[in-house]
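K.L.:
Shown below is the structure under consideration.
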Amino acid sequence: MKNLIDIMQMSTDELQVLIDTALDIIANPKKYAEACRGKKLATLFFEPSTRTRLSFEAAMYELGGNVIGFSEAQSSSAAKGESVADTVRTVGCYADIIAMRHPKEGAPLVATRTAGVPVVNAGDGGHNHPTQTLADLLTIYREKGTFDNLTVGVCGDLKFGRTVHSLISAMSRYKNVKFVLISPEELKVPRYIITDVLEKNGIPYEEIASLEEAMPQLDILYMTRVQRERFFNEADYMRLKDTYILTPDKLRTAKASLSILHPLPRVNEISVAVDDDPRACYFKQVLNGKYMRMALILKLLEVNV
Amino acid sequence: MIIGQIKDGIVLDHITAGRGMEIYKVLGLDKLDCTVAMIKNADSVKKGKKDIIKVGQVIDLDFDVLGYIDPGITVNIIQDGKLAKRSHLSLPERVKGIIRCKNPRCITSVEQELVHEFRLADREKKIYRCIYCEHEAPKTVE
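These protein sequence lines map, in sequence, to chains A and B.
Be aware that the first sequence starts at 197, since it is given in this note's numbering, and climbs by one per residue.
Be aware that the second sequence starts at 3, since it is given in this note's numbering, and climbs by one per residue.
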């Protein structure tokens with residue numbers, strides 16, 4: 197693996213190696229503190245992000261490396277009309293690895309052609325966000341100890357929610373996994389996810405509109421935000437944004453072993469009253485994301501510790 | 003109706019009836035100086051009706067383009083009045099520069115020099131997806 201553009205590039209064995217590395221980093225952080233000494237990560241964020249960019253940067257610093265980059269397109273040559281290919285070709289002369297977020301789908305794939313160094317997709321429009329999926333998977337693994345035999349509910353914006361698409365694809369490779377797809381009609385999961393991923397692999401799933409109805413059977417509840425930036429029409433966003441709000445009351449029928457995940461940032465889809473519930477895992481997910489990014493950087497830079 | 007045999011050239015046979023004109027345009031046959039015959043709705047044992055195109059010289063053909071538009075086409079290369087080569091087409095695994103991605107969120111919508119490229123996602127349903135954004139390809143060639 198030279199780049200990470202789509203989580204499905206990684207086999208389940210490769211994923212397990214990354215998870216094992218992350219678990220070792222958690223157990224022995226000092227062992228990794230100098231692993232990337234002298235290496236530079238470039239964070240090219242053509243679209244705003246707090247969590248993902250800082251997570252990548254924290255990951256590189258904790259490995260003893262350095263970070264260069266920009267956090268919005270306006271502060272890069274993209275504002276002057278430079279192509280993605282030219283930008284990364286230039287940055288590839290300065291950095292050993294690139295993490296790239298771009299509002300246009302497929303931009304990181306274009307970047308791999310000219311960068312000359314490993315490229316990690318840090319989110320491309322509504323398409324893929326593989327390192328968020330790495331965070332999600334480590335969280336599920338740490339909470340459940342397995343990826344098998346789980347009923348996974350995904351709730352909210354399943355149409356534009358790139359993290360949902362990647363998570364469904366990644367989890368569909370494990371044994372006896374069932375999906376409950378909870379969304380309003382307008383934000384249902386794209387048809388190709390149903391046909392190409394779920395139906396093609398014989399994965400059981402149901403599509404329903406009621407979170408309350410789905411709740412009792414779930415082992416994992418993956419909440420998502422309705423993303424304003426994905427709508428061309430403000431009226432549609434306003435109509436749909438409050439469809440699902442998770443409250444302690446709605447959790448009354450949930451399993452005691454439920455794990456609640458959210459890629460964050462949240463707006464109001466999870467009440468802050470849920471934060472103290474032991475089933476809430478979304479802030480653990482943030483930390484897990486950093487560990488998985490550390491493991492990924494090591495893997496792509498072929499650093500053995 | 004009788005159309006004369008060609009000595010050196012190409013016969014595109016078994017074109018789905020009604021698609022001959024599309025292929026004529028996509029291959030740019032209107033720009034050729036040689037004889038070109040377009041036969042519509044010819045009788046076909048296999049298909050009932052078919053279109054046929056005869057070109058009076060051997061030209062370079064992009065089999066991926068032809069295969070994408072109409073995978074049932076048979077390409078016959080004629081040399082000295084005899085059949086020199088016959089090829090049966092199929093859906094290509096990749097198509098480059100033939101169709102354009104319509105997804106406004108795709109990187110190809112802003113970077114004009116990127117070649118639009120699609121991969122075959124489902125052979126049975128003839129579904130192609132953009133390699134950049136996975137959007138389904140439009141069904142017709144522009």
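Just so it is clear, CB atoms sit at the ideal spot from N, CA and C, and this is done for glycine as well.
I think Ile416(A) touches Val348(A), with their Cβ atoms under 8 Å apart; what is that distance to the nearest whole Å?
P.N.:
So it is a contact: roughly 4 Å between Cβ atoms.
K.L.:
Do you know how far the Cα of Met23(B) is from the Cα of Lys87(B)?
P.N.:
Distance between the alpha carbons of Lys87(B) and Met23(B) is about 24 Å.
K.L.:
Taking only beta-carbon positions, decide if Lys519(A) is within less than 8 Å of chain B.
P.N.:
Only positions 197 to 501 of chain A appear in this structure, which leaves residue 519(A) out of reach.
K.L.:
Output the distance between the C-alpha atoms of Arg369(A) and Thr329(A), rounded to the nearest integer angstrom.
P.N.:
Roughly 14 Å separates the two Cα atoms.
K.L.:
Closest to Lys198(A) by CA distance: which of Glu465(A), Tyr388(A), Val315(A) is it?
P.N.:
Taking only the C-alpha atoms, the option nearest Lys198(A) is Val315(A).
K.L.:
Which of helix, strand or coil does DSSP assign to Thr335(A)?
P.N.:
Correct three-state label for Thr335(A): helix.
K.L.:
Can you list, in chain order, the residues of its chain with a C-beta nearer than 7 Å to that of Cys232(A)? Leave out the 5 residues immediately preceding and following it.
P.N.:
Around Cys232(A): Met256, Leu259, Gly260, Gly261, Ile493, Leu497, Val499.
K.L.:
Under a three-way DSSP split, which group does Asp62(B) fall into?
P.N.:
Three-state DSSP puts Asp62(B) in coil, outside helix and strand.
K.L.:
So with CB distances below 9 Å, who are the chain A contacts of Glu113(B)?
P.N.:
Residues of chain A passing the Cβ test: Ser279, Val280, Ala281, Lys300, Ala303, Val306.
K.L.:
Just checking my contact of Ile294(A) with Met490(A) at CB under 8 Å: how many whole Å lie between their CB atoms?
P.N.:
Rounded, the Cβ-Cβ distance is 16 Å, inconsistent with contact.
K.L.:
Going by DSSP in three states, Ala129(B) sits in which element: helix, strand or coil?
P.N.:
It is Ile, not Ala, that sits at residue 129(B) in the sequence shown. Of the three classes helix, strand and coil, the one that applies to Ile129(B) here is strand, per DSSP.
K.L.:
Find the nearest neighbour of Leu63(B) within the set Leu14(B), Gln114(B), Arg121(B), Glu119(B), judged by alpha-carbon distance.
P.N.:
Checking every option, the nearest Cα to that of Leu63(B) belongs to Leu14(B).
K.L.:
My understanding is that Ser406(A) touches Thr443(A), with C-beta atoms under 8 Å, so please give their C-beta distance in whole angstroms.
P.N.:
That belief does not hold up - the Cβ atoms of Ser406(A) and Thr443(A) are roughly 14 Å apart, past 8 Å.
K.L.:
Are any of the Cβ atoms in chain A nearer than 8 Å to that of Leu116(B)?
P.N.:
For Leu116(B), the answer is yes, since a Cβ of chain A falls inside 8 Å of its Cβ.
K.L.:
Please name the residues in the stretch 376-406 of chain A whose beta-carbon is closer than 8 Å to at least one beta-carbon of chain B, in chain order.
P.N.:
Residues passing the 8 Å Cβ filter: Tyr388, Thr391, Asp392.
K.L.:
If you count every other CB in all the chains shown that lies within 10 Å of the CB of Lys276(A), and 16 or more means buried, which is it?
P.N.:
Flag for Lys276(A) reads exposed.
K.L.:
Quick one: grab the DSSP three-state call for Arg285(A).
P.N.:
Reduced to three states, the DSSP call for Arg285(A) is helix.
K.L.:
Find the nearest neighbour of Val213(A) within the set Leu334(A), Cys477(A), Val284(A), judged by alpha-carbon distance.
P.N.:
Measuring from the Cα of Val213(A), the nearest candidate turns out to be Leu334(A).
K.L.:
Starting from Lys495(A), follow the alpha helix (DSSP H) in both directions and report where the run begins and ends.
P.N.:
Counting along the chain, the alpha helix (DSSP H) containing Lys495(A) begins and ends at 478-496.
K.L.:
Let me check understanding here. Comparing Cα to Cα, which of Glu230(A), Gln270(A), Val482(A) lies closest to Phe241(A)?
P.N.:
Considering only alpha carbons, the answer is Gln270(A).
K.L.:
Mapping DSSP to helix, strand and coil, what is Ile75(B)?
P.N.:
Of the three classes helix, strand and coil, the one that applies to Ile75(B) here is coil, per DSSP.
K.L.:
Measuring straight from C-alpha to C-alpha, what distance separates Arg338(A) and Arg249(A)?
P.N.:
Distance between the alpha carbons of Arg338(A) and Arg249(A) is about 23 Å.
K.L.:
To the nearest angstrom, how far is the alpha carbon of Ala366(A) from that of Leu116(B)?
P.N.:
Approximately 29 Å, taken between the alpha carbons.
K.L.:
Enumerated in chain order, which unbroken segments of the alpha helix (DSSP H) with a length of 4 residues or greater are wholly contained in the stretch 290-332 of chain A?
P.N.:
Correct list: 303-310.
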